[in-house]
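Everything on this sheet refers to the single structure shown next.
Residue numbers (our numbering): 323 to 720.
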């Protein structure tokens, strides 16, 4: 005959209630919800013992009860374990003829200044037209034996894709024109229509080629590369890749106003907030829009940022050169901001849309849904208006 064991002192509801009361007194965060779930689980499995049970049933039910309690307490203590406090690391300085600022969040104080400086140094040696010993300077001078590095090749590849997508409005072979208009390291020239036409012979992406041995072939020795419209964005991508390699999940890299945002901002717990300048601000810097970014890059371009004034005539020359005409004449676009997965692509298209008029830019955007854009332009009455792609408008902070 099987023995029956009275369980007068074993009441799992009493146990859980006592534990629940303890944690309430201790004010441990998030315990109330967790213990309610434990309590429900125990009740669901029918583990409130009111009747004497046979030894065999007691053993199995008791085992189940302990399993449920153990699982629940494990979840509870995992929820109650304090998370390690995050540290905001920040560095800033000057590079690529502009300023930079980098914020990266980690579990401890970290110093990646050496790695950051290395990215800028390698990029300058590859693509700075202001360094005579750089690869691009040697290629521009006619040296066809230079074997370019991976950075140069990747920027060349991005340039080829954007050149094709923009129907030729993005063209880094405008170096000879940039010099002539006073926006490059070369000698500024006195330009008239005949001189501009003669220089256009040395402009055209179809006139250059990246060979299988990583050398560059130019159709004419006077063709000059100028990657300024994409190099900053590419530098940001390389800095982001460096931080990714270090296991950093949350960061904001900014170089000259262009940004790559990953993860969230620890100060707000939300996406990174980035401002867009008002191109018509008369004094100081004023923001036109603020956008929220996560896991994307944004580049902005505007002729209010960089221009040259002739000291004799007072005429204003903007830095955006139309590679089809050779002139720096303004379009009806005042400023552009482009969001893309990489900052090199965003940078290139932001410059491209400055050279194109609004309607042409819209056509490009219709064919490239991976891009989001914000364009400030002048209408036929000379009034400043705004154009957003739907995706960009959704990024604007309310």
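Glycine included, each C-beta is placed from N, C-alpha and C at the ideal position.
Euclidean distance between Cα positions of residue i and residue j
{"i": "residue 663", "j": "residue 684", "result": "19 Å"}
{"i": "residue 426", "j": "residue 581", "result": "13 Å"}
{"i": "residue 432", "j": "residue 424", "result": "12 Å"}
{"i": "residue 602", "j": "residue 642", "result": "17 Å"}
{"i": "residue 532", "j": "residue 538", "result": "5 Å"}
{"i": "residue 543", "j": "residue 486", "result": "23 Å"}
{"i": "residue 688", "j": "residue 677", "result": "18 Å"}
{"i": "residue 557", "j": "residue 656", "result": "25 Å"}
{"i": "residue 650", "j": "residue 706", "result": "20 Å"}
{"i": "residue 712", "j": "residue 696", "result": "10 Å"}
{"i": "residue 377", "j": "residue 616", "result": "Note that residue 377 scores a pLDDT of 42, beneath 50, so its modelled location is shaky and nothing firm can be said."}
{"i": "residue 679", "j": "residue 654", "result": "6 Å"}
{"i": "residue 592", "j": "residue 709", "result": "26 Å"}
{"i": "residue 567", "j": "residue 428", "result": "13 Å"}
{"i": "residue 470", "j": "residue 555", "result": "19 Å"}
{"i": "residue 548", "j": "residue 704", "result": "32 Å"}
Helix, strand or coil at residue i [DSSP, three-state]
{"i": "residue 546", "result": "strand"}
{"i": "residue 474", "result": "helix"}
{"i": "residue 487", "result": "helix"}
{"i": "residue 447", "result": "helix"}
{"i": "residue 614", "result": "strand"}
{"i": "residue 676", "result": "helix"}
{"i": "residue 701", "result": "coil"}
{"i": "residue 602", "result": "coil"}
{"i": "residue 686", "result": "helix"}
{"i": "residue 441", "result": "helix"}
{"i": "residue 527", "result": "helix"}
{"i": "residue 620", "result": "strand"}
{"i": "residue 468", "result": "coil"}
{"i": "residue 587", "result": "strand"}
Short Cβ contact (7 Å threshold) for residue i with residue j
{"i": "residue 670", "j": "residue 552", "result": "yes"}
{"i": "residue 474", "j": "residue 448", "result": "yes"}
{"i": "residue 585", "j": "residue 572", "result": "yes"}
{"i": "residue 609", "j": "residue 597", "result": "yes"}
{"i": "residue 579", "j": "residue 622", "result": "yes"}
{"i": "residue 410", "j": "residue 588", "result": "yes"}
{"i": "residue 559", "j": "residue 665", "result": "yes"}
{"i": "residue 460", "j": "residue 453", "result": "no"}
Buried or exposed by the 16-neighbour rule on C-beta atoms within 10 Å, applied to residue i
{"i": "residue 612", "result": "exposed"}
{"i": "residue 576", "result": "buried"}
{"i": "residue 417", "result": "buried"}
{"i": "residue 673", "result": "buried"}
{"i": "residue 527", "result": "buried"}
{"i": "residue 354", "result": "Residue placement at residue 354 cannot be trusted, given a pLDDT of 49 that sits under 50; what the coordinates show is reported in the next sentence. Looking at its Cβ environment, which holds fewer than 16 other Cβ atoms inside 10 Å, residue 354 is exposed."}
Cβ distance (whole Å) where residue i is taken to contact residue j below 8 Å
{"i": "residue 507", "j": "residue 451", "result": "5 Å"}
{"i": "residue 564", "j": "residue 437", "result": "5 Å"}
{"i": "residue 694", "j": "residue 714", "result": "4 Å"}
{"i": "residue 499", "j": "residue 530", "result": "15 Å between Cβ atoms; not a contact."}
Cβ-heavy atom distance, residue i to the ligand GTP, below 6 Å
{"i": "residue 599", "result": "Because no ligand of any kind appears in the structure shown, any question about the ligand GTP cannot be addressed here."}
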